[in-house]
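What follows is one structure encoded as structure tokens, with my remarks underneath.
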Amino acid sequence: METADVVAEELLYVEAELQDVQDQIKALLDRQEGLHKRQSELKALLEECETSKSTAQVDSSVATDDWSADFEWDSRAEDIRFNVFSISSYRANQREIINAVMSRRDVLVIMAAGGGKSLCYQLPALLCDGVALVVSPLLSLIQDQVMGLTTLGIPAYMLTSTASKEHEKLIYKSLEKGEGELKVLYVTPEKISKSKRFMSKLEKCHHGGRLSLIAIDEAHCCSQWGHDFRPDYKNLGILKIQFPTVPLIALTATATYKVQVDLMEMLHIPKCVKFVSTINRPNLFYKVHEKSSVGKVVIDEIADFIRGSYSKNESGIIYCFSRKECEQVAKELRGRGISADHYHADMDVIAREKVHLLWSKNKLQVIVGTVAFGMGINKPDVRFVIHHSLSKSMETYYQESGRAGRDGLPSECVLYYRPGDVPRQSTMVFYENAGLQNLYDIVRYCQSKRNCRRGAFFQHFGEPIQNCNGMCDNCAYEAEVKELDATYHAKVIVSLLHEIQENDQRATMLQLVERFKVKIKELEFGTMIEFVLYDLGDQDLSHKYHLYL
């Protein structure tokens, strides 16, 4: 009996201590939540401060230079812009960027998709004597650019792995001796980092005074913090080292402040002139649709949307998660009477070129592709961009959806979302820098039923929030949101996880969900419960679970 009293006393002591530990955990969680919130506020404030340093959206380091002033090449530039490119007037920052390049300054351009980045290096290429080198990441992008310039009568060529020996010989001869017509030469980053012969010919071109400028398109690929990081882009810093007197212009549609700093360091352009345009695309309507778990239902909905909203000569892009899905979705759409074909990196080069050309000439309404298609495409009248699957980040989605409406006319960006797509995408981004965090950001974008879609982009890129003007589903439809207090649900899941761990068991996500459903009978489909477990002796995050029920 005496022993029972001792045990009871110790039990009370343990329970009291456990309660004390629980209180400490709660206090730490509250403190963490407050710190996370303040961290986000400070990051946004820092990026806002950096942006506000600019004058007329030009970096303060060069605020003493008036790039909108009159320059000696103005009349020639106006003539080329109007008579060669058939462009009646400059878009925001274009003239200033061209003037900075022509003044032989290094330039970093952050300009929204459809803002006219290509003109910022193509026009100076025609104004200057010699050859302009353009580094671009994708074959489809290079083909599109070369095709467009050739149509305008501009001697533009590409030197890629697919080039014939005769074609390669012709370009090398032009670089080395200045023979033949060559104004703009497109290459991939691999050509810079892996071809000693090419770099040797480029050296001779430079020594002959014929290398007029270097343009690095889709420059965010240089940075490991960028959403499309490419290892070979890391080596492009050699260009400024070998050709220090040649002006270098780096361009991208998406770059957070961290990526901008990374680019300037990697490309060796610390004193560059920086132009930052707004990310806002007021003509794009953003919306998220709930995606059915039945594949054919999703295709039916996409087909109905295209047929019901657009004529057969109005173009669109559909992005899919995998190459296999691209082929399947394109086939299913054709079976529903929509002119569609697939595009991905596994296709034969000639087949890809054929699909791209047909689509560019409006003989094919829809291209169904992976991320391998569309970066920097020069087709202004894309009326809709549909994401059949979840993107891996806000940057990726902004870039891909931004291929719609480059002519400034109303266009739609539709993302089909279901929680089941998240684990599949997470396996692809797990080893990327901040890969999972970037994925969770786009998941929050999709799940939001109240917050402005456009505002999410402003917040992500550290730009002051602007009025959406009803150009997203949440602002236009003001959908009713039913809120759920998930405190009890979270406690149940935590107890289940503890139970599994204590019994040294293993459970799949589906098994865990089934156990949870036994205890919770009424839970709305689509609710996401996120919770964190801490090791008591360690303040680092030990486990993070996302359940989609």
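Residue numbering for the sequence shown is 883 to 1431, as defined by my numbering.
All C-beta atoms, glycine included, are put in the ideal place defined by N, C-alpha and C.
Give a yes or no on whether the C-beta atoms belonging to LEU1064 and ILE1074 are separated by under 8 angstroms. no
Report the three-state DSSP secondary structure of CYS1357 (helix, strand or coil). helix
So what does DSSP say about MET993, is it helix, strand or coil? Note: MET993 maps to coil in three-state DSSP.
Contact under 8 angstroms by Cβ, VAL1311 with LYS1261: no
If contacts are defined as beta-carbon pairs under 8 angstroms, then VAL879 and ALA1286 qualify, I think. What distance do you get, rounded to the angstrom? With the chain running from 883 to 1431 in the structure shown, residue 879 is simply not present.
Which stretch, first to last residue, makes up the beta strand (DSSP E) that contains LEU1015? Where LEU1015 is concerned, the enclosing beta strand (DSSP E) stretches over 1013-1017.
For the segment 1069-1144, list the alpha helix (DSSP H) runs that are entirely contained and at least 4 residues long, ordered along the chain. 1071-1076, 1078-1089 and 1119-1124
Tell me which residues share the same chain as CYS1208 and place their Cβ nearer than 8 angstroms to its Cβ, disregarding the 5 neighbours each side in the sequence. The beta carbon of CYS1208 sits closer than 8 angstroms to those of CYS1202, HIS1224, TYR1225, HIS1226, VAL1250, GLY1251 and THR1252, all from its chain and outside the five residues before and after it, given in chain order.
Which whole runs of the alpha helix (DSSP H) in the segment 961-1006 are 4 residues long or more, in chain order? 976-984
Suppose you measure from the CA of SER1175 to the CA of GLY1302; what does that come to, to the nearest Å? 8 angstroms
Using DSSP bridges, identify the partner residues of ASP1223. ILE1249
Measuring alpha carbon to alpha carbon, tell me which residue in THR1134, VAL1180 and ARG977 is nearest GLU960. ARG977
Can you name, in chain order, every residue of its own chain whose Cβ lies under 8 angstroms from the Cβ of GLN901, other than the five neighbours on each side? none
Three-state secondary structure assigned by DSSP to LYS1169: strand
Neighbour-count burial assignment, ARG920, 16 or more Cβ in a 10 Å radius: By the 16-neighbour rule on beta-carbons within 10 angstroms, ARG920 is exposed.
With distances taken from CA atoms, which of ILE1161, LEU1015 and PRO1019 is nearest TYR1039? Considering only alpha carbons, the answer is LEU1015.
Label ASP1289 either buried or exposed according to how many other C-beta atoms from any shown protein chain fall within 10 Å of its C-beta, with 16 as the threshold for buried. exposed
Do the CB positions of VAL1440 and PHE1266 come within less than 8 angstroms of each other? Since the first and last residues shown for the chain are 883 and 1431, residue 1440 lies out of range.
Could you check where the alpha helix (DSSP H) with ILE1053 kicks off and where it finishes? 1047-1059
Selected residue, minimal CA-CA separation from PRO1019, among GLN1027, GLU899 and GLY1012: GLN1027
Do SER1094 and VAL1013 count as a contact pair if the criterion is CB distance below 8 angstroms? yes
Where LEU1041 sits in the DSSP three-state scheme: In the structure shown, the three-state DSSP call for LEU1041 is strand.
Excluding the five sequence neighbours on either side, which residues of its own chain have a C-beta within less than 7 angstroms of the C-beta of GLY1284, listed in chain order? ALA994, ALA995, GLY996, ALA1135 and ARG1163
In three-state terms, what does DSSP make of GLU954? Reduced to three states, the DSSP call for GLU954 is coil.
Neighbourhood of ASN1244 by C-beta, 7 angstroms cutoff - its chain only, sequence neighbours within 5 removed: ASN1195 and SER1197
Three or more C-beta pairs closer than 8 angstroms, one from the segment 1182-1189 and one from the segment 1228-1238: is that the case here? no
I need the boundaries of the beta strand (DSSP E) containing LYS1156, first residue and last residue. 1155-1158
In angstroms, rounded to a whole number, what distance separates the CA positions of GLN1247 and SER1221? 5 angstroms
Restricting to Cα atoms, I'd like to know which of CYS1350, PRO1071, VAL966 and GLY1091 is closest to GLY1030. VAL966
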